[in-house]
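J.: Quick note on numbering: the sequence shown equals residues 1 to 150 in the UniProt record's numbering.
This is the structure, below, for whatever I ask next.
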Amino acid sequence: MSDFQAIADRVEIEALRAEFTDAVMMRDYDRIALLFTPDGVWRMPNIPVELEGQEPIRAWGRRVPDVVDFLVQNTHPGVIRLDGDTASGRAYMSEVGRGRDGRGGLNYAIYHDRYQRTGDGWKFTERVYEVRYEDASPLAASPPRPAEDA
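Laid out in C-alpha cells, this is it:
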C-alpha cells in the first residue's frame with residue numbers, strides 16, 4: 001500500500017466517524033445503519049444494547065426519541081490501525097444528554113472500532129461503546145427553547 005493510500009484510508013475512516021456523530025446528533029438512524037456493513041454490530045454494554053445488522057440499528061433508532069429528550073455527542077480523534085482492507089481504531093467521546101424520564105448525564109467514553117473497506121467506502125463492522133466516566137447528577141441547564149412568535 002502506498003503512503004498516499006494509507007493517508008486516504010485514514011481520512012476516509014475519520015470521515016466515517018464524523019458521519020456517525022452527525023447522524024447521532026440529527027437522530028438519523030437510517031443513515032447510521034448505512035455506516036455499518038450489513039452484518040455490522042453496535043454494542044453499548046452500559047445501556048445495555050447489542051444491535052446486529054442494519055435493520056436492528058434502524059429499529060432501535062426509531063425508539064430513541066421516545067426515551068431521549070436530547071443528546072449532544074462530540075467525537076475526538078483516536079488511533080487508526082490499517083491492515084489492508086480492514087482496520088481497527090478508537091474514537092474518544094464526550095456526551096451530555098437527558099432522558100424523557102428527567103435523568104440527565106455526562107459521560108466520557110471510548111468507541112472501540114473495527115472497519116472494513118467496501119465498494120461503498122469504509123464501514124463499521126463493529127462499534128463497542130465503553131464508558132470510562134459517568135456523572136448522573138441532575139443537569140443544571142437545558143437546551144434553549146424556541147422563541148415564541150411575536
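C-beta atoms are modelled at their ideal positions from N, C-alpha and C, and glycine is treated no differently.
Treat the numbers as computed from the prediction; the structure is a model and nothing was measured.
Does the distance from the CB of Thr21 to the CB of Gln73 come in under 8 Å?
T.: Closer than 8 Å, so yes.
J.: Is the distance from the Cβ of Pro77 to the Cβ of Glu14 below 8 Å?
T.: In contact: Pro77 and Glu14 (Cβ atoms closer than 8 Å).
J.: Using the beta-carbon count (16 or more within 10 Å), is Leu102 buried or exposed?
T.: In the sequence as displayed, the identity of residue 102 is Gly instead of Leu. Exposed, since its Cβ has fewer than 16 Cβ neighbours within 10 Å.
J.: Cα-Cα, which of Glu130, Arg10, Tyr29, Pro144 is closest to Pro65?
T.: For the residues Glu130, Arg10, Tyr29, Pro144, the minimum Cα distance to Pro65 belongs to Tyr29.
J.: Could you tell me whether the Cβ atoms of Gly99 and Val67 are closer together than 8 Å?
T.: Contact flag set, yes.
J.: Tell me the DSSP secondary structure of Gly53 in three-state form.
T.: Correct three-state label for Gly53: coil.
J.: May I ask you to list the residues that DSSP assigns as paired with Met93?
T.: According to DSSP, Met93 bridges with Thr75, Ala109.
J.: Which two residues bound the contiguous beta strand (DSSP E) that contains Ile80?
T.: Unbroken beta strand (DSSP E) run through Ile80: 80-83.
J.: Sorted by chain position, which residues of the same chain lie with C-beta nearer than 8 Å to Met93's C-beta, five sequence neighbours on each side aside?
T.: Cβ within range, chain order: Gln73, Asn74, Thr75, His76, Asn107, Tyr108, Ala109, Ile110, Tyr111, Tyr129.
J.: How should Tyr133 be labelled, buried or exposed, when 16 other C-beta atoms within 10 angstroms of its C-beta is the threshold for buried?
T.: Flag for Tyr133 reads exposed.
J.: Go ahead and pull the three-state DSSP assignment for Ala87.
T.: Three-state DSSP puts Ala87 in a strand.
J.: Evaluate Asp91 with the Cβ neighbour count: other Cβ atoms within 10 Å of its Cβ, from every protein chain shown; 16 or more gives buried, anything less gives exposed.
T.: According to the sequence shown, residue 91 is Ala rather than Asp. By the neighbour-count rule (16 or more Cβ atoms within 10 Å), Ala91 is buried.
J.: Pick out whichever of Ala6, Met26, Ile32 has its Cα sitting closest to the Cα of Arg17.
T.: If we check each option's Cα against that of Arg17, Ile32 comes out closest.
J.: For the candidate residues Asp120, Gly105, Val49, Gln116, whose alpha-carbon lies nearest to that of Ser137?
T.: The option with the nearest alpha carbon to Ser137 is Gly105.
J.: Quick one: using the 10 Å Cβ neighbour count with 16 as the cut-off for buried, is Asp9 buried or exposed?
T.: Buried.
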